[in-house]
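Let me begin by presenting the structure, written as structure tokens, before commenting on it.
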Amino acid sequence: VPVPPLDGSHLLKNFTNMGWETYMWLSRYGIIILILALNFTPLQRILTQLIVYTLKVMTFLLRF
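Residue 16 is where the sequence shown starts when you use the numbering used here, and the numbers rise one by one after that.
See below:
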């Protein structure tokens, strides 16, 4: 998720032609928005399924 202050946020700014004011606003409040979004139940379910699937694939690929 390329939301400021996370890595990749500069890519979001450059590819969307986001204004400097908008980028600074996201930099200030982005982490709060991210924390609230991760605690939102439907998004939490999707992320949990994605994490479980990723771990299953990694376990299969790294099995010796």
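Note that beta-carbon positions come from the ideal geometry of N, C-alpha and C, so glycine has one too.
Please read all numbers here as calculations on a predicted model, not as lab measurements.
Residue Val18 holds the alpha-carbon nearest to the alpha-carbon of Ile47 among Val18, Leu77, Leu27.
Sequence-distant partners of Ser42 (beyond 5 residues in either direction) whose C-beta falls short of 7 Å from its own C-beta, in its chain, are Pro19, Pro20. For Glu36 and Gln59, the gap between their C-alpha atoms comes out near 30 Å. In this structure, the straight-line span from the alpha carbon of Asn54 to that of Gly34 is close to 28 Å.
For Val72, the enclosing alpha helix (DSSP H) has its first and last residue at 56-76.
One thing to note: Tyr44 has its Cβ no nearer than 8 Å to the Cβ of Lys28.
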